[in-house]
Amino acid sequence: MTEGPRRQTRQRSAVLALLDDQEGFRTAQDLHALLRERGDAVGLATVYRALQALVDDGLVDVLRNEGEAAYRRCSPVHHHHLVCRSCGRTVEVADPPVERWAAKVAAEHGFADVQHQLEVFGTCAACAAR
């Protein structure tokens with residue numbers, strides 16, 4: 004994290020605006036291609052830098068699945084994700100029992116200042132019906 008507010012660049016604004024229009028998680032390559040389709044001349048390395056800055060600022064969530072990072076604009080409160088393996092549909096869920104379990108396990112093992120992420124992958128109802 005940087006100290007103070009980060010300067011908002013044109014590229015970061017373009018990436019954030021694009022994420023606002025997307026459903027589910029998208030890779031940097033996907034976002035780069037969509038930006039180019041929109042006529043935004045943003046390089047792939049710049050997209051990666053913008054995404055990392057947005058993650059660092061807490062504006063975007065990152066999901067690492069099979070080694071590849073994907074990004075999504077999410078709510079600022081702590082939550083978990085249900086992700087469809089077929090279509091990528093993503094649902095944010097809050098789960099107090101998971102929070103209590105994580106705190107309990109951490110305390111049992113002498114860990115403090117614990118953070119966690121939980122992603123549950125499955126098939127959404129629409130994809131299952133096909």
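Take 4 as the starting number for the sequence shown in the numbering used here and just add one per residue. By construction, the Cβ of each residue, glycine as well, lies at the ideal position given by its N, Cα and C atoms.
{"query": "Alpha-carbon to alpha-carbon, Glu122 and Cys90", "result": "15 Å"}
{"query": "Reduced DSSP secondary structure (H/G/I, E/B, other) of Val35", "result": "What sits at residue 35 in the sequence shown is His, not Val. Helix."}
{"query": "Distance, Arg75 Cα to Gly61 Cα", "result": "11 Å"}
{"query": "Rounded C-alpha distance that separates Gln11 from Val63", "result": "15 Å"}
{"query": "Inter-stretch contact at 8 Å, needing at least 3 Cβ pairs: the region 86-103 / the region 42-62", "result": "no"}
{"query": "C-alpha gap between Gln14 and Pro79, whole angstroms", "result": "22 Å"}
{"query": "Buried/exposed call for Ala48, threshold 16 Cβ in 10 Å", "result": "exposed"}
{"query": "Backbone CA spacing between His84 and Val96 [nearest angstrom]", "result": "6 Å"}
{"query": "As assigned by DSSP and simplified to three states, the class of Glu122", "result": "strand"}
{"query": "Endpoints, the alpha helix (DSSP H) within which Arg103 is located", "result": "Pro99 to Glu111"}
{"query": "Whole-number beta carbon distance between Val45 and Ala20, since they are thought to touch under 8 Å", "result": "Not confirmed; about 12 Å, so no contact."}
{"query": "Asp116 - DSSP class collapsed to helix/strand/coil", "result": "coil"}
{"query": "Local Cβ density within 10 Å of Thr5, reported as buried at 16 or more and exposed below that", "result": "Residue placement at Thr5 cannot be trusted, given a pLDDT of 47 that sits under 50; what the coordinates show is reported in the next sentence. Exposed."}
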